[in-house]
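Step one of this worksheet: look at the structure below.
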Amino acid sequence: MKLSLTFMLAITLVVITASVQAQEVVDIYSDLQSCDVTVKGDAAGCRLEVDLFSSKEGVIQTRTHSLDGPGTWIVTWDVEGSEEGSYGACAKLIKEGEVVSEKCTDFYYGGMVDIRFDVRDAHADYRGITLLVYSEDLAVVDIFYTLVKDDKAVYISKRESVPITGS
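Here the sequence shown stands for residues 5 to 171, numbered as in our numbering.
Okay, here's the thing in structure tokens:
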């Protein structure tokens, strides 16, 4: 009996902990053009604040969105004259003035990178999208398809481990 009471209390604590973290930033990706932030849970009424920063300058830009629920939100950056170096982005989910979740990512801008493949053509219509991708060498890529309305992704699909071959 004592063991089952302890077990029930542990389950209750897990359920309470899960309900406390009802909103969460679960994923973030950024470069110097845009940033994608995925929010899960009951995010209606929350505010999403996203900062772009560099190791040299600190915070460069801040963007804010009022959320209507969970989803993936797209932020665009307006960065001119970017220098090579380390950058990062942090997304904060704010509810009633309190940060309830935060996630950051770092990235590097600049330097020479060999292009392994390129998109030669793209065609999209109501049936879907067709891509023509070329590579001189065999490459395996993940492809994300994202349909965006205003600042929110309304459809996201991912194809993993797609082989790209030359002519």
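Note that beta-carbon positions come from the ideal geometry of N, C-alpha and C, so glycine has one too.
What you are looking at is a predicted structure, and each value in this text was computed from that prediction instead of being measured.
Report task. With a floor of 3 residues, list each beta strand (DSSP E) that falls wholly inside the region 29-114, ordered by position along the chain. Result -> 38-45, 51-58, 62-70, 75-80, 89-99, 102-113
Query raised in the report: How many Å lie between ARG51 and ASP31 at the Cα?
Result: 16 Å
Query raised in the report: Under three-state DSSP, which class holds PHE148?
Result: strand
Query raised in the report: If we call anything under 8 Å between Cβ atoms a contact, is ILE160 one with THR76?
Result: yes
Requested in this report: Taking all protein chains shown into account, decide if LEU17 is buried (16 or more other Cβ within 10 angstroms of its Cβ) or exposed.
Outcome: Residue placement at LEU17 is flagged as unreliable, the pLDDT there being 47, under the threshold of 50; the coordinate-derived value follows with that caveat. LEU17 is exposed by the Cβ-count criterion.
**Report entry** Option in LEU36, GLU100, VAL145 with minimal Cα separation from GLU164
**Finding:** VAL145
Query raised in the report: Rounded to a whole number of angstroms, what is the C-alpha to C-alpha distance between LEU142 and ILE168?
Result: 6 Å
Query - Element boundaries [beta strand (DSSP E), containing VAL117] - result: Counting along the chain, VAL117 falls outside any beta strand (DSSP E), and DSSP gives it neither H nor E.
Report task. With a threshold of 16 other CB atoms inside 10 Å of the CB of LYS60, please say whether the residue is buried or exposed. Result -> exposed
Query - VAL19 in three-state terms, based on DSSP - result: Residue confidence is low: VAL19 scores 48 on pLDDT, short of 50, so the model does not pin down where it sits. Its coordinate-derived value is still stated next. VAL19: helix per DSSP, three-state reduction.
**Report entry** CB of VAL29 within 8 Å of CB of ALA95, strictly
**Finding:** yes
**Report entry** Other residues of its chain near VAL103: CB distance less than 8 Å, five sequence neighbours each side excluded
**Finding:** LYS96, LEU97
Query raised in the report: Rounded to a whole number of angstroms, what is the C-alpha to C-alpha distance between GLU88 and ALA47?
Result: 36 Å
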